[in-house]
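The sequence shown begins at 1 in UniProt numbering and counts up one residue at a time.
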Amino acid sequence: MGRIVVGYDGSPYSQAALSWARDEAVRTGAPIEVFHADEWPATAPPMVPLPLLRPDRTVAEVIDEILEKAVAAVRKTHPAVDVTTRAVRGHAAAALIDRSRDARLIVLGGHGHSVVAGLLGSVISAVSAHARCPVVVVRGVPEPDAAVIAGVDGSELTLPVLLFAAERATARKVPLRVIRADPEQAAAGAPVAVVRERFPGLTIQVEDTLEHPAAALARASAAAQLLVVGSRGRGAVTGLLLGSISQHLLRHSACTVAVIHREVS
Numbered sequence: 001m002g003r004i005v006v007g008y009d010g011s012p013y014s015q016a017a018l019s020w021a022r023d024e025a026v027r028t029g030a031p032i033e034v035f036h037a038d039e040w041p042a043t044a045p046p047m048v049p050l051p052l053l054r055p056d057r058t059v060a061e062v063i064d065e066i067l068e069k070a071v072a073a074v075r076k077t078h079p080a081v082d083v084t085t086r087a088v089r090g091h092a093a094a095a096l097i098d099r100s101r102d103a104r105l106i107v108l109g110g111h112g113h114s115v116v117a118g119l120l121g122s123v124i125s126a127v128s129a130h131a132r133c134p135v136v137v138v139r140g141v142p143e144p145d146a147a148v149i150a151g152v153d154g155s156e157l158t159l160p161v162l163l164f165a166a167e168r169a170t171a172r173k174v175p176l177r178v179i180r181a182d183p184e185q186a187a188a189g190a191p192v193a194v195v196r197e198r199f200p201g202l203t204i205q206v207e208d209t210l211e212h213p214a215a216a217l218a219r220a221s222a223a224a225q226l227l228v229v230g231s232r233g234r235g236a237v238t239g240l241l242l243g244s245i246s247q248h249l250l251r252h253s254a255c256t257v258a259v260i261h262r263e264v265s
C-alpha cells in the first residue's frame with residue numbers, strides 16, 4: 001500500500017490538503033508523506049546572481065522547518081498516523097507525477113498562489129492529468145454528512161470511479177450520488193449494479209442528466225463533500241467531460257475533487 005503524498009509548502013491551502021490526507025489516513029490506515037518540490041533556480045528572476053538570492057543551506061533549513069512543523073501538527077492531533085517528509089529539487093508538477101508511480105493518492109490544495117513550490121494552478125492541471133494514481137484537490141469546507149458524488153459516462157473508468165467514490169462514502173457513512181452523463185445509459189448500469197453488490201449497506205442514488213456535464217456536476221458539488229471523476233491521462237475528464245470541463249471542475253467545484261486515472265484498477 002503506497003503512501004498518501006501531500007504537496008506541501010506551508011500555505012493555508014497545503015495545510016487544508018494535509019488535513020484531508022490526515023483524515024483519509026485515519027480511515028484507511030495508509031501512511032502520509034509530506035512532499036515539497038524545490039524549484040530553484042527555475043523560478044529565479046533573470047539577471048540576478050543566484051548566490052545572492054539562494055544561499056542553499058538557509059533555504060534548505062527553511063524547507064526542513066516547514067516540513068517538520070507539518071509533521072509535528074499531525075502527530076500532535078493524530079499520533080497513530082505514520083507521517084514522513086520528502087523534499088526534492090525539481091519542477092513541482094514533474095516531481096509529483098514521478099512520485100505518483102508509487103503513491104496511493106496525491107493530495108493538493110485547490111487554491112492560492114502556491115500549490116507545492118510557488119506555481120499557479122498549472123501544477124494541479126498537469127498532475128491531475130498525468131499522475132499514475134488518484135489525485136485529490138481539496139476545496140471548500142463541506143458538511144460532514146454531505147454526500148459523495150460520482151460523475152460517470154459509461155466509459156471504461158466508470159467502475160473505478162464508482163468504487164473509489166463508494167469506498168469514501170461508506171467510510172464517511174454518507175450516501176453516494178451517481179450522476180450519469182451517458183447517451184446510452186444502459187452502458188453505465190452494470191457498474192452501478194456491481195457497486196450495489198459490493199457495498200450492500202450503502203445508499204446509492206442514481207441520476208441521469210442531459211444537462212452539460214460541467215454545469216450538472218459543478219451545481220451538485222455545492223451539496224457534496226467529494227466529487228469523483230475520471231481522467232484518461234491527457235488533461236481531460238473522460239467521455240463527455242473533456243478538456244475545459246475538467247479544468248472547470250477542478251477550479252470551480254464547491255467541494256473537494258478526486259480524479260481517477262486509467263491505471264487505477
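Ideal Cβ placement from N, Cα and C applies to all residues, glycine included.
All values reported here derive from a predicted model rather than from experimental measurement.
Below 8 Å on the Cβ atoms is my guess for residue i versus residue j; work out the distance and round it to an integer in Å.
i, j, result
"Val229", "Val206", "Contact doesn't hold; Cβ gap of about 16 Å is too wide."
"Val6", "Ser128", "No, Val6 and Ser128 are not in contact; Cβ-Cβ is about 15 Å, not under 8 Å."
"Gly10", "Ile66", "4 Å"
"Arg86", "Glu39", "That belief does not hold up - the Cβ atoms of Arg86 and Glu39 are roughly 15 Å apart, past 8 Å."
"Pro134", "His261", "7 Å"
"Ala220", "Arg177", "7 Å"
Please list the terminal residues of the continuous beta strand (DSSP E) segment that includes residue i.
i, result
"Ala214", "Taken as a continuous stretch (DSSP letters only), Ala214 belongs to no beta strand (DSSP E), being part of the alpha helix (DSSP H) at Pro213 to Ala220."
"Glu33", "Ile32 to Asp38"
"His261", "Thr256 to His261"
"Ala87", "Val83 to Arg89"
"Gly201", "Gly201 -> no beta strand (DSSP E), and no H or E assigned at all."
"Arg104", "Ala103 to Gly109"
"Arg177", "Leu176 to Arg180"
"Ala154", "In the sequence as presented, Ala is not what sits at residue 154; that position holds Gly. Careful: Gly154 lies outside any beta strand (DSSP E) and carries neither H nor E."
"Gly7", "Arg3 to Gly7"
"Val135", "Val135 to Val138"
"Val228", "Ala224 to Ser231"
Taking C-alpha atoms, which residue in the options lies nearest to residue i?
i, options, result
"Asp98", "Thr209, Leu227 and Phe35", "Phe35"
"Leu105", "Pro142, Ala147, Ala21 and Arg196", "Ala21"
"Ala218", "Ile4, Glu143, Arg251 and Gly189", "Arg251"
"Leu202", "Ala30, Glu167 and Val107", "Glu167"
"Val107", "Leu18, Val195 and Ala215", "Leu18"
"Phe199", "Gln225, Phe164, His91 and Glu211", "Phe164"
"Tyr13", "Ala70, Thr58 and Val26", "Ala70"
"Ala169", "Arg27, Gly10 and Ser11", "Arg27"
"Leu157", "Leu176, Pro144, Ala146 and Ala190", "Ala190"
"Arg89", "Val81, Glu68, Glu65 and Val59", "Val59"
"Glu68", "Leu96, Arg177, Ala103 and Tyr8", "Tyr8"
"Pro79", "Asp23, His130 and Ala94", "Asp23"
"Leu96", "Ala72, Lys76, His130 and Asp64", "His130"
"Ser231", "Val136, Asp102 and Asp64", "Val136"
"Ile204", "Ala72, His212, Glu211 and Val174", "Val174"
Does the beta-carbon distance from residue i to residue j come in below 7 Å?
i, j, result
"Val148", "Arg180", "no"
"Ile4", "Ala37", "no"
"Leu227", "Val257", "yes"
"Ala215", "Thr209", "no"
"Gln225", "Pro142", "yes"
"Val123", "Ala92", "yes"
"Gly109", "Ala16", "yes"
"Ala223", "Gly140", "no"
"Arg132", "Ser100", "yes"
"Val74", "Val83", "yes"
"Leu162", "Ala146", "no"
Start and end of the alpha helix (DSSP H) containing residue i?
i, result
"Thr158", "Thr158 to Arg172"
"Ala21", "Pro12 to Thr28"
"Asp98", "Ala92 to Arg99"
"Ala126", "Ser122 to His130"
Counting only C-beta atoms, is residue i closer than 7 Å to chain C at any point?
i, result
"Leu202", "Note that chain C does not occur in the displayed structure, where there is just one protein chain."
Please indicate yes or no: does the CB of residue i lie closer than 6 Å to some heavy atom of the ligand SAM?
i, result
"Ile66", "Annotation note on the ligand SAM: not contained in the displayed structure, which lists no ligands."
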